[in-house]
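S.K.: Take this structure first; my questions come after.
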Amino acid sequence: MNPSPVNSSPVASSAPSSYPASETYLLFRSGARLLALPTRQTRQVIPLGQLSPLPASGGSLLGLMGAQGRAVPVVNLPTLLGHLLGGMAEAAPQPDGTRLGLLCEHAGESLLLPIDEVIGNVSAELAATQSLAAQSPASQTLLQSAQLGDHLAALLSLNALTAAIAGRLQTA
């Protein structure tokens with residue numbers, strides 16, 4: 001499978017978000033959940049290859065994988081988001097046995113998110129309350145429920161996700 005570029009039950013939250021009022025989002029499925037990220041934070045979909053395990057990650061990372069000439073952490077979404085979503089299964093393999101990863105970038109750092117499929121891009125304007133909340137860059141809310149076109153999805157905050165990963169890492 002060749003890498004695919006992607007740039008071009010939800011959880012409600014009243015906490016501030018880091019999403020602008022109008023933006024294009026990538027919709028994707030991980031487990032049974034429909035998730036979304038701003039397309040500006042996504043780079044490409046790649047097959048997940050061999051992972052190098054990481055000790056002391058507190059279960060937040062599945063390991064490291066080479067992508068774009070770097071070792072990129074692969075996030076354990078079921079562990080980090082499962083309690084918010086009432087349980088979350090890990091991403092299923094494709095018919096040919098490969099697993100997919102969504103390569104994302106936040107604050108100059110790359111992350112790989114295991115996914116089942118890409119649904120597509122949707123341009124959406126968030127509700128007024130979400131738009132006002134979006135003006136706070138310090139949001140630590142992992143997921144925010146949003147209507148994106150015809151889809152009700154959970155917006156994933158990479159800022160909050162990286163903070164959750166850092167909070168679970170164990171020092172030697």
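Once you know that position 48 of the sequence shown is 48 in the UniProt record's numbering, the rest is easy, because the numbers rise by one and skip nothing. Note that beta-carbon positions come from the ideal geometry of N, C-alpha and C, so glycine has one too.
Do L143 and L81 have their CB atoms nearer than 8 Å?
M.R.: Translated into the one-based positions of the sequence shown, residue 143 becomes position 143. Translated into the one-based positions of the sequence shown, residue 81 becomes position 81. Result yes, Cβ atoms of L143 and L81 sit closer than 8 Å.
S.K.: By how many angstroms is the C-alpha of D96 removed from the C-alpha of V75?
M.R.: Here the question's residue 75 lines up with position 75 in the sequence shown. Here the question's residue 96 lines up with position 96 in the sequence shown. Cα-Cα distance, rounded: 22 Å.
S.K.: Cα-Cα, which of G108, L126, A160 is closest to R70?
M.R.: Your numbering for residue 70 matches position 70 in the sequence shown. Nearest C-alpha to R70: G108.
S.K.: Whose CA, out of F28, E23, T24, G59, lies closest to the CA of L100?
M.R.: Translated into the one-based positions of the sequence shown, residue 100 becomes position 100. L100 has its Cα closest to that of F28, out of F28, E23, T24, G59.
S.K.: Do A124 and L34 have their beta-carbon atoms positioned less than 8 Å apart in this structure?
M.R.: In the sequence shown, counting from the first residue as 1, residue 34 sits at position 34. In the sequence shown, counting from the first residue as 1, residue 124 sits at position 124. Against a cut-off of 8 Å, the Cβ pair of A124 and L34 comes out as no contact.
S.K.: If you draw a straight line from the C-alpha of Q44 to the C-alpha of S145, how long is it?
M.R.: Position 44 of the sequence shown, counting from 1, holds the residue named residue 44. Position 145 of the sequence shown, counting from 1, holds the residue named residue 145. One C-alpha to the other measures close to 24 Å.
S.K.: Between L112 and the rest of its own chain, which residues show a CB-CB distance below 8 Å, the 5 nearest in sequence each way excluded?
M.R.: Along the sequence shown, read from residue 1 onward, the residue named residue 112 stands at position 112. Correct list, in chain order: I46, L48, M65, A67, V72, P73, V74, V75, G101, L102, L103, C104.
S.K.: Could you round the C-beta distance between V118 and H151 to whole angstroms and report it? I think they count as a contact, below 8 Å.
M.R.: Residue 118 sits at position 118 when you count from the first residue of the sequence shown. Residue 151 sits at position 151 when you count from the first residue of the sequence shown. The C-beta distance from V118 to H151 rounds to 13 Å, too long to fall under 8 Å, and the pair is not in contact.
S.K.: Which of helix, strand or coil does DSSP assign to L126?
M.R.: Counting from one through the sequence shown, the residue named residue 126 turns up at place 126. Note: L126 maps to coil in three-state DSSP.
S.K.: Measure the alpha-carbon distance for G120 versus A36 and round it to whole angstroms.
M.R.: Translated into positions along the sequence shown, residue 120 becomes position 120. Translated into positions along the sequence shown, residue 36 becomes position 36. C-alpha separation (whole angstroms): 10 Å.
S.K.: Do S60 and P114 come within 8 Å of each other at the CB atom, strictly closer than that value?
M.R.: Reading the sequence shown from its first residue, position 114 is the one you call residue 114. Reading the sequence shown from its first residue, position 60 is the one you call residue 60. Not closer than 8 Å, so no.
S.K.: Within its chain, find whatever has a CB closer than 8 Å to the CB of S22; leave out the 5 residues flanking it on each side and keep chain order.
M.R.: For this step, residue 22 is matched to residue 22 along the sequence shown. Once the five neighbours on either side are set aside, the close Cβ partners of S22 are S123, A124, E125, L126.
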